[in-house]
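Below is one structure; the comments refer to it alone.
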Amino acid sequence: MNRPQPYDVTLYGAHVDALYSAMLIHLDDADEDFRKEMLEALIKLSDVDPKTLLKKVKANIHLYRNKSAYEKLTNFKETLPLIKESIDKADFFAIDTEFTGLLNGRDVSIFDSPEDYYLRVMNGSSEFLLIQFGISCFYWDEKRNHYLNDTYNFYLYPRGRPGPDRLFLCQSSSLDFLASNGFDFNKLIKEGISYMTSSTETKLRENLAERQLSYSKEKDAVKNFIEKSTDAEMEINRCNSFIRMLLFQELKLRFKDEIIVDTKVLENKNRILKVIRKTADMDDQDTLRKKKEWDELEEAIGFSKVAQMISQSEKLVVGHNMLLDVLHTLGHFFQQLPSDYESFKEFTHCMFPKTIKGTAQFLACRLLDTKYMSSLPPFKDKLGSSVLTELLATLGEPPFSLPKIGSRKGRGYSHLDDKEHEAGYDAYITGLCFLAMHAHLARMRGEDTDRVQPHSVTLKPFLNKLFLAKTARQDSPYINLVGADPTPARDHVFHLVFPKEWQRSDLSQLFSPFGPVTVYFLDECSAFVGLDQRDQAPDVMRILSKNNRVTLTPYHKYKSGGNGGDTE
27 MNRPQPYDVT LYGAHVDALY SAMLIHLDDA DEDFRKEMLE ALIKLSDVDP
77 KTLLKKVKAN IHLYRNKSAY EKLTNFKETL PLIKESIDKA DFFAIDTEFT
127 GLLNGRDVSI FDSPEDYYLR VMNGSSEFLL IQFGISCFYW DEKRNHYLND
177 TYNFYLYPRG RPGPDRLFLC QSSSLDFLAS NGFDFNKLIK EGISYMTSST
227 ETKLRENLAE RQLSYSKEKD AVKNFIEKST DAEMEINRCN SFIRMLLFQE
277 LKLRFKDEII VDTKVLENKN RILKVIRKTA DMDDQDTLRK KKEWDELEEA
327 IGFSKVAQMI SQSEKLVVGH NMLLDVLHTL GHFFQQLPSD YESFKEFTHC
377 MFPKTIKGTA QFLACRLLDT KYMSSLPPFK DKLGSSVLTE LLATLGEPPF
427 SLPKIGSRKG RGYSHLDDKE HEAGYDAYIT GLCFLAMHAH LARMRGEDTD
477 RVQPHSVTLK PFLNKLFLAK TARQDSPYIN LVGADPTPAR DHVFHLVFPK
527 EWQRSDLSQL FSPFGPVTVY FLDECSAFVG LDQRDQAPDV MRILSKNNRV
577 TLTPYHKYKS GGNGGDTE
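Numbering follows my numbering, in which position 274 of the sequence shown is assigned residue number 300; successive positions increment by one, without gaps.
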């Protein structure tokens, strides 16, 4: 074999690949002789200078160390105990998710109330699939006196059978965005972990238990036929066509080494099942088949078990601009989102509870949105942007500082890793930004800045408020999960119907006597128009209602269906 010049590391054959992988994993192994033997073996099988080879290996070890635990242990069943360990010891979690799309249908209006916002996003996002979930578990290291992180990045893909076979939407711009940021769609389809809602899981468990029980009578009859009867065959007189089909399939599966199952047509054209003896000894095989059915169900439940661990932990969950993260987490892993707004809040309380010791009361005091946190003093005036990567950069400079965060080898990230829009990495960065902002607030209050106390008064103003990015500038910046939402006045807002050929400049000209306006187009001939000078609202209706080229309706009247308005 002609080998290239030794200016690069070129390794040959499966044995070399295996040695190279082992070298990456065990570069820091305590057994120096073992490391030396591997390196010598690699050197013998390549034409590369030993120093060049070692340099190449060291360059790749960083990539290996910063793979999440799931990426190393592709068997989710093996990874699950590690995740539980991380969740159990964590002070708090940060999460991030990726989807096949963002919104189907009309977008949120800048004048929408929090309830309108929820309904619009809930209805517009429910048919997209959640395809990546990142969770970063931050836990305190007493010896090092700083936080460590265990971070996991999961590709998720509901497999169907034995669960439901999902139909879902994809948005081309979203998939293009994911692809441009290194999302591995092949890995999604081939290795994605299945999941389902809790209600689906409960139904499937009940159905499987009932199905296994419902065939016990037929199984006993077949078993008795095989063990005790001397007849060559038996007949099972049931059944409508559906039951006959189920029995036919089930008996062939359960007793395929002992019997032959066939159908028999009677003189009256009715069909029955005929069981013909093959062998005996069915119990072990039946037990194994039942176990296989339960194992397949557990595999289909998959990542939903992690969501249940998060829910049951009663620990603080941090996200950045996390409304969609919360909605998809609830809707994909627990149950369908309610169309009633107050029911949604109650549902969120139940899935992210915090028990008050000594009572049976539950409080939703476990969600914190760093996007909302960064929109309030003392951060609002000091942050140029609250986009996650820019927020991280700003929090790394005075008067802020990023805390020291470590990780065990191969179990976490560093902010130096450039993996933006990988859910695990974004979850880690979200947690890091949260710790930096928490430390800044604590320093201002003269408190200990190192460890987060979930019940600290420092966090209280920021808890359980989901940031609403598209209405924040119109005095409706958040959903309050544990109280009343902001109810900004909309007396200065109007629904306007205008000629199809009109442009934004025509609308500005129409309202020019009343000062600057904010325009949100609903379609090519209607829009919401908000006055910057709100005291001009009475004059607008008085004067413009006389204009026969437009139809003007106060916002509240339009939303309630007045003047034929759309109530969406």
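Backbone N, C-alpha and C fix where the C-beta goes; we use that ideal spot for every residue, glycine too.
Could you have a look at residue i and say whether DSSP puts it in helix, strand or coil?
i, result
"Tyr439", "coil"
"His582", "helix"
"Met348", "coil"
"Gln158", "strand"
"Asp321", "helix"
"Arg254", "In the sequence under discussion, the amino acid at residue 254 is Lys, which differs from the Arg named in the question. Note: Lys254 maps to coil in three-state DSSP."
"Tyr451", "helix"
"Gly457", "helix"
"Ser112", "helix"
"Glu259", "strand"
"Pro30", "Model confidence at Pro30 stands at a pLDDT of 37, short of 50, so the residue's coordinates are unreliable and nothing is read from them."
"Leu489", "strand"
"Cys376", "helix"
"Phe426", "coil"
"Gly357", "helix"
"Ser531", "helix"
"Arg170", "coil"
"Leu129", "coil"
"Thr223", "coil"
"Val291", "strand"
"Ala120", "strand"
"Arg297", "strand"
"Ser552", "strand"
"Leu363", "coil"
"Val576", "coil"
"Asn207", "coil"
"Ile136", "coil"
"Phe370", "helix"
"Val543", "strand"
"Phe520", "strand"
"Thr177", "strand"
Kindly give me the distance between the Cβ atoms of residue i and residue j, rounded to whole angstroms, as I take these residues to be in contact under 8 Å.
i, j, result
"Phe194", "Leu155", "4 Å"
"Leu112", "Met222", "The sequence as given places Ser at residue 112; Leu does not occur at that position. So it is not a contact: roughly 23 Å between Cβ atoms."
"Asp501", "Pro514", "3 Å"
"Ile161", "Ile219", "With a Cβ gap of about 13 Å, Ile161 and Ile219 do not count as contacting."
"Lys341", "Ala116", "6 Å"
"Ile302", "Ile327", "That pair is no contact at about 38 Å."
"Asp351", "Thr123", "5 Å"
"Thr497", "Asp133", "With a Cβ gap of about 11 Å, Thr497 and Asp133 do not count as contacting."
"Ser401", "Ser412", "7 Å"
"Ser224", "Gln362", "About 11 Å; that fails the 8 Å criterion."
"Pro188", "Glu322", "6 Å"
"Leu409", "Leu417", "6 Å"
In or out: residue i buried (at least 16 other Cβ within 10 Å) or exposed?
i, result
"Ser586", "exposed"
"Leu467", "buried"
"Asp407", "exposed"
"Asp452", "buried"
"Asn574", "exposed"
"Asn101", "exposed"
"Arg516", "buried"
"Gln158", "buried"
"Ala333", "buried"
"Ser337", "buried"
"Thr228", "exposed"
"Ala510", "exposed"
"Val291", "exposed"
"His52", "Note that His52 scores 49 on pLDDT, short of 50, meaning its location in the model is unreliable and no value can be drawn from it."
"Ala235", "exposed"
"Thr177", "buried"
"Cys196", "exposed"
"Ser135", "buried"
"Asp395", "buried"
"Val595", "Outside the shown range of the chain, which is 27 to 594, sits residue 595, and nothing can be said about it."
"Leu163", "Residue identity differs from the one stated: residue 163 is Cys in this sequence, not Leu. Buried."
Inter-stretch contact at 8 Å, needing at least 3 Cβ pairs: the stretch 437–457 / the stretch 468–478
no
Pair every Cβ in the stretch 335–349 with every Cβ in the stretch 485–496, then say whether three or more of these pairs are closer than 8 Å.
yes
The stretch 364–373 in contact with the stretch 170–179 per 3-pair CB rule at 8 Å:
no
Touching or not, the stretch 195–206 and the stretch 315–327, by the rule of three or more beta carbon pairs under 8 Å?
no
Given 8 Å as the limit, is there contact between the stretch 176–190 and the stretch 210–226, that is, 3 or more CB pairs closer than that?
yes
contact_flag[the stretch 447–461, the stretch 135–151] where n(CB pairs < 8 Å) is 3 or more
no
Assess contact between the stretch 517–535 and the stretch 547–557, defined as three or more Cβ pairs (one per stretch) separated by less than 8 Å. Is contact present?
yes
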